[in-house]
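Engineer:
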Amino acid sequence: MALIKTRPTADPTGLPVDAERLLLAGLITKNADGTPRVGIFPTGVVATGAALVTGRASMGYDVAPFKGISSRTGVGVELQANDAVAVVPTTAAPPANSRLDVIWFRAQFTANTDATNTPVFGVTQGVAAGIPTKPSIPAGATELAVATILSTTTTTASVVITQTHQFTATAGSTVLMRNRTELDAWAAPVGETARTLDSDLLWVRRATPTLGWYVAPGQRLAYMAGSTTSGVAGTILGSVAKTIPLPIGQRVRVRCARVAMYNTPAGGVVYTMQMRNNLSDVTSSASDRTITSRAHQAGSGNVVSVPGADTEFVTTTANPVTAALFVSSGIAFGTDGQELWIESY
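Residue numbers (numbering that gives the first Met the number 0): 0 to 344.
1) Under the three-state reduction of DSSP, which class applies to Glu191: helix, strand or coil?
2) Starting from the N-terminal side, write out each stretch of the beta strand (DSSP E) that is 3 residues or longer and does not extend beyond the stretch 193–217.
3) Note down, in chain order, each residue of its chain lying with its Cβ closer than 8 angstroms to the Cβ of Ala83, except the 5 sequence neighbours on either side.
4) Give me the residue from Ile341, Arg71, Gly233 with the minimum Cα distance to Val16.
5) Applying the criterion that 16 or more other CB atoms from any shown protein chain within 10 Å of the CB defines a buried residue, is Gly139 buried or exposed?
6) When the Cα of Asp287 is compared with those of Gly54, Tyr270, Thr209, Thr314, which residue comes out closest?
7) Mind reading off the beta-carbon distance from Pro319 to Pro244? Whole number of angstroms is fine, and I expect it under 8 angstroms.
8) Are the CB atoms of Val52 and Ile136 within a distance shorter than 8 angstroms?
9) Which stretch, first to last residue, makes up the alpha helix (DSSP H) that contains Thr180?
10) Ends of the beta strand (DSSP E) at Arg349?
11) Go through its chain and collect everything with a Cβ distance to Leu278's Cβ below 6 angstroms, but skip five positions before and after it.
12) Which first and last residues belong to the beta strand (DSSP E) in which Leu245 is found?
13) So what does Val35 bridge to, in DSSP terms?
14) Can you look up Thr47 in the DSSP assignment and give me helix, strand or coil?
15) Rounded to a whole number of angstroms, what is the C-alpha to C-alpha distance between Gln218 and Ala18?
16) Considering only residues of the same chain and omitting the five flanking positions on each side of Ala50, which have a CB-CB separation below 6 angstroms?
17) Comparing C-alpha positions only, which one of Leu78, Ile102, Ala106 sits nearest to Val87?
18) Per DSSP, what kind of secondary structure is Asp17 in: helix, strand or coil?
19) In the DSSP assignment, find the beta strand (DSSP E) that holds Val145 and state where it starts and stops.
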């Protein structure tokens, strides 16, 4: 092994294509096995959430402009760009049942026994069946979308097209994911970061407590702001704050802001902050964790200001975390300003 030619190079013979592809791969984020992550950069229509592949009034597909990464072979990559809407034809609908079309793009090199050195779009048609299966696409191709073609289809204008292209990024950058399903499917190196578009959360790949994706610290996961309420023992003050399902081992912090409460002369009031990491939400009778945060003694009846509180814990199930404020004993009158939130740390 030896150093390959640099880019730029002063060698009059130029830079071999495989060497250039290998150099470009160093600029792209990687999978855990060191291979480059192919896909689409979040620019153009993709950045707005619009579909990259759409149907048209013919048996074909429109592919919007994009910039992306493909890998024809080995560990090298190609920078790809589509500078205008491209029409990619497909074949007629099957006579019965339905099939899946996979729309893709690929670089071509005669050095890889391709017919030309020009990149191409393509559609791979699956076998028609009552429950069609997704066909494999050519080696080195990068998937863009999957369409369902019924036996009655005459144009793709109204067919169901699922945008299946994955996103990629430059090395060290945050990679976009549509949801947790896509996120969990990415075997990334420890330390990589990703953002899920459906929840707008930043995630980080960690080795402990188990290898996986965890919500990055400092993000608010749920919030509750209650209005003026009253309650007897066992009732919720305000409402429940609830997160999305979280991974096992996620570190969370539950916080309660300062609360104003009317303290009756007749007796004291105790209220608590309770939380659960379970399939069922917080209730007054069942809680994984309870923080008895304040007690009000009987007095002359006035408005008192109660300090806030917070607690930290680690999830033990892959379920949401819920939290709420409860009246534990006594009667609360005119509780005002209650705020409770759950955040990652």
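No residue lacks a Cβ here, since even glycine has one placed at the ideal position from N, Cα and C.
Structural biologist: Inspection of the coordinates gives the following:
1) coil
2) 200–205, 211–214
3) Pro64
4) Arg71
5) buried
6) Thr314
7) 5 angstroms
8) no
9) 179–184
10) The displayed coordinates of the chain run from 0 to 344. Any statement about residue 349 would go beyond what the structure contains.
11) Asn318
12) Per DSSP, Leu245 belongs to no beta strand (DSSP E) and is neither H nor E.
13) First, the residue type needs correcting, since residue 35 is Pro and not Val in the sequence shown. For Pro35, which the question treats as bridged, DSSP gives the partners Lys29.
14) helix
15) 42 angstroms
16) Gln162
17) Ile102
18) helix
19) 141–149
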